[in-house]
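A.B. asks: Chains as they are written, first to last, in the working numbering: chain A, 5 to 210; chain B, 5 to 210. A virtual CB, placed ideally from N, CA and C, is assigned to each residue, including glycine. It should be emphasised that the depicted structure is a prediction, and the values quoted were computed from it without experimental measurement. Below you'll find the structure I mean.
2 protein chains.
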Amino acid sequence: MADPPKSPTLRRKYDSRQREVLDACARAFAERGYHGTSIDDLIEATGLARGGLYHYIGSKSEALTRILDDLMGPLLEAATAAVEGPDAPASAAGRLRAMTRIWMHQVETHRAHVAVFEQERRTLERDPAWSAVRDDRRAFEALLLRVLRDGVRTGEFTIPDPDLTALALLGMVNHSALWFAPDGRLDAEQVADGFVDLLLRGVRNS
Amino acid sequence: MADPPKSPTLRRKYDSRQREVLDACARAFAERGYHGTSIDDLIEATGLARGGLYHYIGSKSEALTRILDDLMGPLLEAATAAVEGPDAPASAAGRLRAMTRIWMHQVETHRAHVAVFEQERRTLERDPAWSAVRDDRRAFEALLLRVLRDGVRTGEFTIPDPDLTALALLGMVNHSALWFAPDGRLDAEQVADGFVDLLLRGVRNS
DNA sequence: GCACTTCTACCGACTGAACGGTCTAATTTC
DNA sequence: GAAATTAGACCGTTCAGTCGGTAGAAGTGC
Chain A
5 MADPPKSPTL
15 RRKYDSRQRE
25 VLDACARAFA
35 ERGYHGTSID
45 DLIEATGLAR
55 GGLYHYIGSK
65 SEALTRILDD
75 LMGPLLEAAT
85 AAVEGPDAPA
95 SAAGRLRAMT
105 RIWMHQVETH
115 RAHVAVFEQE
125 RRTLERDPAW
135 SAVRDDRRAF
145 EALLLRVLRD
155 GVRTGEFTIP
165 DPDLTALALL
175 GMVNHSALWF
185 APDGRLDAEQ
195 VADGFVDLLL
205 RGVRNS
Chain B
5 MADPPKSPTL
15 RRKYDSRQRE
25 VLDACARAFA
35 ERGYHGTSID
45 DLIEATGLAR
55 GGLYHYIGSK
65 SEALTRILDD
75 LMGPLLEAAT
85 AAVEGPDAPA
95 SAAGRLRAMT
105 RIWMHQVETH
115 RAHVAVFEQE
125 RRTLERDPAW
135 SAVRDDRRAF
145 EALLLRVLRD
155 GVRTGEFTIP
165 DPDLTALALL
175 GMVNHSALWF
185 APDGRLDAEQ
195 VADGFVDLLL
205 RGVRNS
């Protein structure tokens with residue numbers, strides 16, 4: 005990535021343009037997969053020429069790293085605050101709902117990023133360059149598990165296998181990046197609430 | 005793909021060798037993604053040389069098509085039989101469990117195939133060459149939805165949004181291809197039952 | 001049961017296109 | 001006029017796929 009401008013004014017401009025460019029890259033990656041997207045695809049997606057593109061992304065893999073960091077960092081931060089901060093809901097069910105809403109909100113606003121994250125998980129596990137994303141993912145999963153275990157500890161929940169339950173919710177939400185439509189029947193909050201209600205109540209009568 | 009042998013004896017031999025080769029390809033695809041896997045990767049994975057590989061797979065994309073067809077065809081067939089055949093369980097809960105077990109069993113025996121399927125979904129939606137896989141996927145999802153709606157109709161289930169519930173279960177199971185370990189703590193049936201129990205009962209007490 | 005022809009499985013050098021990335025220079029913005 | 005931004009020709013590499021070939025198994029006629 006080219007050295008960013010020194011002057012603060014220009015720096016801000018550069019940053020916002022860079023985010024535009026990276027968002028376009030994320031959309032392209034989500035559409036065709038990281039390896040399935042060529043530099044020429046990114047050129048078309050961003051509207052830049054070859055040189056201009058490299059000015060902002062440095063390299064293809066650097067773009068992916070940035071995209072995933074920009075996704076997981078804020079998500080983990082927001083979720084941690086919502087679940088373990090001073091304003092966190094008292095009940096485990098409330099914390100679960102808060103966390104899921106934030107997470108689905110992230111799917112809504114960064115759908116392409118989440119889709120890429122899901123698609124490239126395997127690659128991510130192997131490559132040492134993406135250890136930050138990997139750590140964030142693990143921390144997020146640990147946070148979810150803590151909420152579930154908390155509910156069990158206080159007697160609010162009955163969960164035979166908290167790990168499996170966490171994986172179930174992770175599956176529901178992460179998978180939603182594949183089908184969620186911003187202008188669809190349900191918005192992110194409705195989907196989040198639907199998932200949480202399902203998890204809390206189940207479907208069987210009585 | 006090279007023309008298969010005419011003689012039935014040799015044909016059988018060819019077919020079984022081809023399945024070996026395609027399984028190895030599926031494993032490689034699952035590991036690095038379809039586009040992330042080069043022909044040289046497939047050569048290493050199969051132990052064949054370039055020519056020998058092409059003798060069995062025809063082309064890289066033909067290999068993917070075969071892999072996905074071999075996954076979805078049998079899955080749809082088995083699930084349909086389990087849910088709408090003569091021996092199908094009487095209760096909707098039983099049918100849901102039967103279907104989920106078959107599906108998780110497929111994840112267990114064809115983990116690589118399912119992972120590839122999940123990874124390449126987006127590509128699949130676009131390319132007309134994969135309409136068969138796409139149709140099978142839709143049929144499977146429709147089957148699941150029918151079971152859920154049935155349970156609602158008979159009063160067995162209360163489901164505010166059956167479509168979302170179907171997507172939730174689809175997410176849980178399909179996502180499991182990313183974390184399921186054949187020699188892990190839980191086998192496929194235990195995971196399937198865990199998911200179904202979660203869906204039926206939920207986690208909240210009383 | 002042997003000679004001969006055909007078929008099958010596999011090999012690996014080779015090809016042209018597409019790939020990711022670099023560099024110099026021109027243009028725009030402050 | 002200095003710094004930042006964009007352009008696009010260019011480079012070496014890697015890509016998916018082809019092709020002519022060979023060893024040996026299978027099939028056939030006598």
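According to the Cβ coordinates, are ALA86(B) and MET103(B) closer than 8 Å?
C.D. replies: Yes, these two residues count as a Cβ contact at 8 Å.
A.B. asks: Using CA atoms only, rank isn't needed, just tell me which of ALA32(A), GLY206(A), ASP140(A) is closest to ILE163(B).
C.D. replies: Selected option, being the one with the closest Cα: GLY206(A).
A.B. asks: Just the C-alpha distance for VAL111(B) and MET176(B), rounded to the nearest angstrom, thanks.
C.D. replies: Cα-Cα distance, rounded: 12 Å.
A.B. asks: At which residues does the alpha helix (DSSP H) containing ASN178(A) begin and terminate?
C.D. replies: Where ASN178(A) is concerned, the enclosing alpha helix (DSSP H) stretches over 166-183.
A.B. asks: State yes or no: is the C-beta of GLU193(B) nearer than 7 Å to some heavy atom of the ligand GDP?
C.D. replies: With respect to small molecules bound, the structure shown includes none, and the ligand GDP cannot be examined in it.
A.B. asks: Going along chain A in order, which residues have a C-beta closer than 7 Å to the C-beta of ILE163(B)?
C.D. replies: Per Cβ cutoff of 7 Å: VAL207.
A.B. asks: Given that PHE199(A) touches chain B, what residues does it touch there, using C-beta distances under 8 Å?
C.D. replies: Within 8 Å Cβ-Cβ: LEU168, ALA172.
A.B. asks: So what does DSSP say about ARG189(A), is it helix, strand or coil?
C.D. replies: In this structure, ARG189(A) counts as coil in the three-state DSSP scheme.
A.B. asks: Rounded to the nearest angstrom, what separates LEU75(B) and GLU129(A) at their Cα positions?
C.D. replies: Each residue's alpha carbon lies about 25 Å from the other.
A.B. asks: Under 8 Å by Cβ, that's how I've got LEU57(B) and LEU46(B) pegged, so tell me the actual separation to the nearest angstrom.
C.D. replies: With 8 Å as the limit, LEU57(B) and LEU46(B) qualify as a contact, their Cβ atoms being about 6 Å apart.
A.B. asks: Taking the beta carbon of PRO166(B) as the centre, do at least 16 other beta carbons fall within 10 Å, making it buried, or is it exposed?
C.D. replies: Classification for PRO166(B): buried.
A.B. asks: For TRP183(B), return the contacting residues in chain A, with the cut-off set at a CB-CB distance below 7 Å.
C.D. replies: Residues of chain A passing the Cβ test: LEU171.
A.B. asks: Just how far apart, CA to CA, sit TRP107(A) and GLU193(A)?
C.D. replies: Each residue's alpha carbon lies about 10 Å from the other.
A.B. asks: Can HIS39(A) and HIS117(B) be called in contact, C-beta distance under 8 Å?
C.D. replies: No.
A.B. asks: To the nearest angstrom, how far is it from the Cα of ALA34(A) to the Cα of GLU160(B)?
C.D. replies: Roughly 39 Å between the two C-alpha positions.
A.B. asks: So LYS64(A) is in the alpha helix (DSSP H); what residue range does that whole segment cover?
C.D. replies: First-last of the alpha helix (DSSP H) with LYS64(A): 64-88.
A.B. asks: Less than 8 Å between the beta carbons of VAL120(A) and ILE71(A), yes or no?
C.D. replies: A contact, by the Cβ cut-off of 8 Å.
A.B. asks: Ends of the alpha helix (DSSP H) at TRP107(A)?
C.D. replies: Taken as a continuous stretch (DSSP letters only), the alpha helix (DSSP H) holding TRP107(A) covers 96-113.
A.B. asks: Is any beta-carbon of chain B found at less than 8 Å from that of HIS179(A)?
C.D. replies: With 8 Å as the cut-off, HIS179(A) counts as an interface residue toward chain B.
A.B. asks: Going along the chain, which residues of its own chain have a beta-carbon closer than 7 Å to the beta-carbon of ARG153(B), five neighbours each way excluded?
C.D. replies: Cβ within range, chain order: PRO166.
A.B. asks: From THR169(B), GLY198(B), LEU168(B), pick the residue whose C-alpha is nearest to that of SER180(B); which is it?
C.D. replies: If we check each option's Cα against that of SER180(B), GLY198(B) comes out closest.
A.B. asks: Taking the alpha-carbon positions, what's the GLY62(B) to LEU52(B) distance?
C.D. replies: Each residue's Cα considered, the two are about 14 Å apart.
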